[in-house]
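Below is one structure, written out as structure tokens, with a few remarks after it.
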Amino acid sequence: MEVSDVADVHVGTPPGPLSSWALRRVHFHGFAGLPTTRNEVVCSPEFSCFGRQWRVELYPGGHEDSKEGNVSVSLTNESPESIQAHFKIILKHPTDQNERLFRIESNDEMVTFGARGGNGRYNFAKRETMLTYLHNGTLSLEIHLRTYKKAEPDSFVPSNSFCDNMLKGFNNEEMSDVAFEVGGEVESAANRRKRAKTTATTFHAFHSILRLNAPSLADMCRPGDEAAVPIIGVDPEVFKMVLYFCYGGTIKDEELAANAKAIIEAADRFGIVNLKLQAEAVLAEQTEITVDNMLDSLLYANSKNLALFQEKIMDFVAENGDRIVGNVSFDDVPGNLISDILTAVARGKRSISTSGPEDDMKFMRVSELRKQLHDKGLCIDGSRETMIALLMENIESGDNESS
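Using our numbering, read the sequence shown as starting at 137 and increasing by one per residue.
Have a look at this one:
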């Protein structure tokens with residue numbers, strides 16, 4: 137069964153990765169002279185590891201459940217909080233590495249060490265054998281511990297504040313050197329002699345920002361101009377969105393959807409390519425192409441160099457040729473569009489859902505063409521033919537340089 141939506145739900149905090157092994161050596165000096173009465177314990181001082189206090193309890197004569205003649209060992213957590221850990225208690229011969237190594241360990245299981253002395257006692261080895269493992273009378277036990285790493289809280293590192301700082305200058309008169317007066321006049325109705333006057337909206341901007349992000353708008357003014365530059369034919373709200381985008385702002389999807397054509401018109405006029413293509417993508421997604429609106433949509437897309445929107449219309453043509461023939465007149469359609477229609481039909485016979493081979497650009501999807509141009513640092517605003525020609529020119533110039 138194929139599953140397309142998978143998610144994990146955690147109850148509590150999941151354990152982190154395992155830590156490296158920590159080693160503590162505990163030395164029982166004068167081991168041979170320690171009392172051998174059963175159940176009599178000799179305790180090590182407490183030592184610290186993984187945020188807990190630990191102690192080794194040694195029963196030289198064994199405890200009540202020990203085999204006769206065996207030494208018992210216990211590792212205990214003396215802290216008020218429990219902990220889960222892997223552990224090993226190891227006794228090595230002090231001089232001969234070939235001698236048998238004695239150990240008790242938790243193996244693959246995590247052991248829960250309860251608070252304040254919680255854990256069991258373990259038979260370790262025969263006392264008479266352990267007496268041969270002393271070094272200068274000292275019994276040395278290695279205590280190895282390993283537990284889950286604590287999940288460290290994510291460090292707060294502020295992001296680059298450039299975008300936020302840029303937006304502080306948006307429409308800020310004190311931080312601007314040019315001004316625009318948008319609106320103020322609309323076309324009169326058919327039965328009126330004069331145009332209706334409305335209140336114009338003034339916007340302020342910094343010329344250098346416009347030069348980088350809206351070059352055609354920057355060409356309409358000079359830094360320090362005293363008079364505001366009149367902008368006719370653009371709604372003030374649309375101009376506000378355009379200017380906001382130039383300062384690094386993001387236009388909400390619902391605003392793009394409600395004003396797609398107006399934003400395309402303004403962005404195209406002022407040279408704001410990325411905003412134009414964003415609005416085009418929204419327009420293409422929200423427009424349902426039909427036999428009735430196909431031709432008008434095609435002519436509009438061609439007039440604004442909306443290659444992605446035009447491709448969607450061409451796909452419709454390729455899929456619905458039998459419905460279009462005899463119902464739509466192409467008398468007023470430019471010749472380049474007829475060529476695009478034929479390409480769409482040919483591509484449709486192959487597959488309208490995938491790009492063509494990389495070396496067959498005439499069948500390549502618009503998104504792929506734009507991506508290749510963008511990766512090469514070339515302009516991505518243009519008709520399909522323009523983009524293909526630009527790519528071909530770039531490839532040919534690269535071949536000439538390599539030869």
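We treat Cβ as the ideally placed atom computed from N, Cα and C, and that holds for glycine. This one's a predicted model, so the numbers in the text were calculated from it and none came from an experiment.
(message) Let me check understanding here. Comparing Cα to Cα, which of T386, G319 and Y380 lies closest to G369?
(response) Locating residue 369 in the sequence shown gives position 233, where the first residue counts as 1. Considering only alpha carbons, the answer is G319.
(request) Using alpha carbons as the reference points, say which of N213, C185, W157 and E200 lies closest to C568. (result) Any property of residue 568 remains undetermined from this structure, which presents the chain solely from 137 to 539.
(message) Along the chain, where does the alpha helix (DSSP H) containing I400 start, and where does it finish?
(response) The count along the sequence shown starts at 1 and reaches residue 400 at position 264. A396 to F406 is the span of the alpha helix (DSSP H), which, as asked, contains I400.
(request) For M430, count neighbouring C-beta atoms within 10 Å of its own C-beta (all shown protein chains included) and say buried if the count is 16 or more, exposed if not. (result) Locating residue 430 in the sequence shown gives position 294, counting from the first residue. Label assigned to M430: buried.
(request) Please classify T283: is it buried, with 16 or more other beta-carbons within 10 angstroms of its beta-carbon, or exposed? (result) Residue numbering aside, residue 283 sits at position 147 when the sequence shown is read from its first letter. With 16 or more other Cβ atoms within 10 Å, it is buried.
(request) Have a look at P171 and G187 and give me their C-alpha separation to the nearest angstrom. (result) Counting from one through the sequence shown, the residue named residue 171 turns up at place 35. Counting from one through the sequence shown, the residue named residue 187 turns up at place 51. Cα to Cα, P171 sits roughly 32 Å from G187.
(request) Report the rounded CA-to-CA distance for I488 versus E521, giving the unit in angstroms. (result) Numbered from 1 along the sequence shown, position 352 holds the residue referred to as residue 488. Numbered from 1 along the sequence shown, position 385 holds the residue referred to as residue 521. Interpretation of I488 is limited by its pLDDT of 44, a score under 50 that renders its predicted location unreliable; no figure is taken from the coordinates.
(message) Does the stretch 294-307 come into contact with the stretch 260-277, if we say contact requires no fewer than three beta-carbon pairs (one atom in each stretch) closer than 8 Å?
(response) no
(request) Alpha carbon to alpha carbon, how far is F223 from I279? Give it in angstroms, no decimals. (result) On the sequence shown, position 143 is the one that residue 279 refers to. On the sequence shown, position 87 is the one that residue 223 refers to. Cα-Cα distance, rounded: 7 Å.
(message) What does the alpha-carbon distance come out to for the pair P366 and T423?
(response) Residue 366 sits at position 230 when you count from the first residue of the sequence shown. Residue 423 sits at position 287 when you count from the first residue of the sequence shown. One C-alpha to the other measures close to 33 Å.
(message) Going by C-alpha to C-alpha distance, which of T426, L526, G253 and F167 sits closest to F452?
(response) In the sequence shown, counting from the first residue as 1, residue 452 sits at position 316. Selected option, being the one with the closest Cα: T426.
(request) Please name the residue, chosen from D389, D432 and L435, that lies closest to Q414 on a Cα-to-Cα basis. (result) Taking the sequence shown and counting its residues from 1, the one referred to as residue 414 is at position 278. The shortest C-alpha separation from Q414 is found at D389.
(message) Rounded to whole angstroms, what is the Cα-Cα separation between R160 and G152?
(response) Here residue 160 refers to the residue found at position 24 when the sequence shown is read from its first residue. Here residue 152 refers to the residue found at position 16 when the sequence shown is read from its first residue. Roughly 23 Å between the two C-alpha positions.
(request) Could you work out which residue in P372, A396 and N243 is closest to A221 when comparing CA atoms only? (result) If you number the sequence shown from 1, residue 221 lands on position 85. Cα-wise, what sits closest to A221 is N243.
(message) Please state the DSSP three-state secondary structure of T274.
(response) The count along the sequence shown starts at 1 and reaches residue 274 at position 138. Reduced to three states, the DSSP call for T274 is strand.
(request) Tell me whether C357 sits in a helix, a strand or coil according to DSSP, three-state version. (result) Looking up residue 357 in the sequence shown gives position 221. In this structure, C357 counts as coil in the three-state DSSP scheme.
(request) Find the nearest neighbour of S312 within the set S344, P294, M497 and F499, judged by alpha-carbon distance. (result) Along the sequence shown, read from residue 1 onward, the residue named residue 312 stands at position 176. The residue with the shortest Cα to Cα distance from S312 is S344.
(request) Compare the Cα-Cα distances from V418 to each of D404, A396 and F406 and report the closest residue. (result) Taking the sequence shown and counting its residues from 1, the one referred to as residue 418 is at position 282. Comparing Cα positions, the closest option is A396.
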